[in-house]
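Residue numbers (this note's numbering), protein chains in the order written: chain A, 1 to 146; chain B, 1 to 167.
These notes are about the structure you will find just below.
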Amino acid sequence: MNLFRKHLRSVLRIALGAVFFYAGALKINDPQAFAGNIAAYKLLPYFANYLTAAILPWLEVFCGLLLIIGLRVRAAAAMVILLNLIFMAALAVAMVRGLDIDCGCFKQGGSKTPAWLALARDAVLLSMALFVFRGANRKEKDISLS
Amino acid sequence: MKTNRNLPVIAEMTLILLLATLVGIVWNHRLLSDAWSGKAVLATQKSVPSTQQGTTPLPLGLMQVKELYDRKEALIVDARDNPSFAAGHIKGALSLPLGELDAGLAAFRAKAPPTATLVVYCNGFNCHDSMELGSRLLGAGYRKVFVFLGGYPEWRDAGYPIAEGPP
């Protein structure tokens, strides 16, 4: 792996971790508002909205932290990939249904982010996570070979 | 070989998920138990506050609103716009969109005497129209104004009576 790629990977890993840590930390403070934003997607039954609002921010924070400190990067990146796919599916469904809702991605009750913009943002995060995951995977292989 | 390398990733992901679930549930246990048992909230928090009030309407939970609704002790007021009202509202609710308050207040007064108990709602959670409308109704001379925080989504999801159609 050349040096540039290696450093790029570290930078992206930390940036991705910071984004997820930030997104999760904002939501931990206001689970009720987040539950409302999840409910607005009209995908889950009543209680599941609250349960998701209780757990998801912590999941984001943990994944973000692991990515930032560089521990268990493969698993954290894989989890971020999975989360991003779920977010994108939810946003796409909301767009198709024509729901005029806030994405609820970061600050709750802030200015409304259009669904297509949130979708594009998630696509960028997804590609970052894939890049980080591939790098971590390769590193794992190198170690097991040596 | 491949499964050997992939298994730990899945295992680690599961572990991260479990940890987040645990912390999330412990951290939010009060909110979750409230959400789980609207009935438990009713049992401990029986009475609807009888009088008020400054300029801020008092919030009510689902069960308290249902109690008032069943006893027909309150007029339910929908603060959302007309299309939202037409798409679905609490059965028997009066429509008074916040945006049309100035124009609609006279007609509203004809239906709701100043002594009436009003319960204002909108789309729940982070919809602030009901709070705003409640404050302005207090300002307009109504004495007993409450806000149903869970709003239409909570009411509908609880399976309580709803209706469709224009005001």
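We put the CB at the ideal spot given by N, CA and C, even for glycine.
Computed from a predicted model, the values in this text were never measured in an experiment.
- Against chain A, a Cβ distance below 9 Å from I76 (chain B) picks out nothing, because the smallest value is about 20 Å.
- Interface with chain A (8 Å Cβ-Cβ cutoff): D81 (chain B) is excluded.
- For F85 (chain B), there is no enclosing beta strand (DSSP E); the enclosing alpha helix (DSSP H) has its first and last residue at 82 to 87.
- Check the Cα spacing between Y41 (chain A) and each of A:V124, A:A115, A:D122, A:R121: the tightest is with A:A115.
- Separation of the CB atoms of L75 (chain B) and L118 (chain B) is rounded to 5 Å, and the pair is thereby assigned contact status at 8 Å.
- Against chain B, the CB of N2 (chain A) has no partner CB under 8 Å away; the residue lies outside that interface.
- Within the stretch 123 to 143 of chain B, G124, F125, N126 place their CB atoms closer than 7 Å to a CB of chain A, listed in sequence order.
- For D78 (chain B), the secondary structure class from DSSP, reduced to helix, strand or coil, is strand.
- Residue contact with chain A for W36 (chain B): present (Cβ-Cβ distance below 8 Å to some residue of chain A).
- One thing to note: L66 (chain A) has its Cβ no nearer than 8 Å to the Cβ of L16 (chain A).
- In the structure shown, P8 (chain B) falls within a helical segment according to DSSP collapsed to helix, strand and coil.
- Of B:G159, B:T115, B:G61, the smallest CA-CA separation from G141 (chain B) is found for B:T115.
- A direct Cα-to-Cα measurement between V73 (chain A) and V26 (chain B) gives close to 26 Å.
- F4 (chain A) counts as exposed, since fewer than 16 other C-beta atoms from the protein chains shown sit within 10 angstroms of its C-beta.
- One thing to note: L138 (chain B) has its Cβ no nearer than 8 Å to the Cβ of P83 (chain B).
- Under the three-state reduction of DSSP, F148 (chain B) is assigned to strand.
- As a beta-bridge residue in DSSP terms, Y121 (chain B) pairs with B:D78, B:F148.
- Burial check for P113 (chain B): the Cβ neighbour count within 10 Å stays below 16, so the residue is exposed.
- When DSSP reads this structure, P59 (chain B) sits in a beta bridge with B:V147.
- Counting along the chain, A35 (chain A) sits inside the alpha helix (DSSP H) bounded by residues 31 to 40.
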